[in-house]
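Enquirer: Attaching a single structure in structure tokens format; questions to follow.
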Amino acid sequence: MYLSTGALNRLDRAELGAVLHHEAHHASGYEPLRRLVIGSMADVLCFIPLVKWLADHRREAAELRADDAAVRVVGRTATAGALLAMTPGAAGFAAFSDCAELRARRLLGEDEDIPRYPSLQMVFTSAAALMFAVSVANCLTDMAHLVR
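For the sequence shown, the residue numbers in this note's numbering are 12 to 159.
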């Protein structure tokens, strides 16, 4: 993990501890690798809305778990202060910019407000897209046999 001198100048000692514990939690669970794999799958399967929803939902949940890890060590105030200092427009630090509003509300004790389940429309659209993709793949496979 790297922190810019601008980020270091913006954070007090407790807030810096929050950033370090937050990022250490991500590293201990191989979160960067998980995001790479899941994000790549979401990019490849971009025609299935449910896959992107699952990737986004998982990313938000991982951020909330990392915030919880920081809160356990340095407290809510320092973690919220670090989040405020590191949001885009402040220092632009990517790890603290994802779902910042949701995270800030949660640190303030408000509801998480993460949709637990995708909408029915998304599920049906994803099912239709998946059936279409399978049909196209089947047609391409049949065409390949005909060409031989």
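We put the CB at the ideal spot given by N, CA and C, even for glycine.
Out of F143, M12, Q132, Y41, point me to the one whose CA is closest to V30's CA.
Expert: For the purposes of this step, residue 30 is identified with residue 19 of the sequence shown, where counting begins at 1. With distances taken between Cα atoms, V30 lies closest to M12.
Enquirer: Rounding to the nearest angstrom, what Cα-Cα distance links L141 and I59 in this structure?
Expert: The residue you call residue 141 lines up with position 130 of the sequence shown. The residue you call residue 59 lines up with position 48 of the sequence shown. So the two alpha carbons sit approximately 7 Å from each other.
Enquirer: For R116, tell me which candidate among V55, L44, T88, K63 has the shortest Cα-Cα distance.
Expert: In the sequence shown, the residue the question calls residue 116 occupies position 105. Selected option, being the one with the closest Cα: T88.
Enquirer: How is F104 classed by DSSP in three states: helix, strand or coil?
Expert: By one-based count along the sequence shown, residue 104 stands at place 93. Its pLDDT being 48, under 50, F104 is placed unreliably by the model, and the measurement read from it follows with that caveat. DSSP places F104 in coil when its eight states are reduced to three.
Enquirer: Report yes or no: do three or more beta-carbon pairs, one from the region 19-28 and one from the region 73-89, lie closer than 8 Å?
Expert: Because the criterion of three Cβ pairs below 8 Å is met, the region 19-28 and the region 73-89 touch.
Enquirer: On the criterion of 16 or more Cβ atoms from any shown chain inside 10 Å, does E121 qualify as buried, or is it exposed?
Expert: Against the sequence shown, residue 121 aligns to sequence position 110. With a 10 Å radius around the Cβ and a threshold of 16 neighbouring Cβ atoms, E121 comes out exposed.
Enquirer: From this set, L95, R76, A53, which residue's C-alpha is nearest H37's C-alpha?
Expert: Residue 37 sits at position 26 when you count from the first residue of the sequence shown. Cα-wise, what sits closest to H37 is R76.
Enquirer: Assuming R10 contacts D78 under a Cβ cut-off of 8 Å, what Cβ separation, rounded to an integer in Å, is found between them?
Expert: Beyond the ends of the chain as shown, which are 12 and 159, falls residue 10; an answer cannot be given.
Enquirer: Exposed or buried, which one is S15 when buried takes at least 16 other CB atoms within 10 Å?
Expert: For the purposes of this step, residue 15 is taken as the residue at position 4 of the sequence shown. That one is exposed.
Enquirer: Can you tell me which of the three DSSP states L22 falls into?
Expert: For the purposes of this step, residue 22 is taken as residue 11 along the sequence shown, with counting starting at 1. L22: coil per DSSP, three-state reduction.
Enquirer: Which residues bound the alpha helix (DSSP H) around S130?
Expert: Taking the first residue of the sequence shown as position 1, residue 130 is located at position 119. It is not in any alpha helix (DSSP H) - S130 carries neither H nor E in the DSSP assignment.
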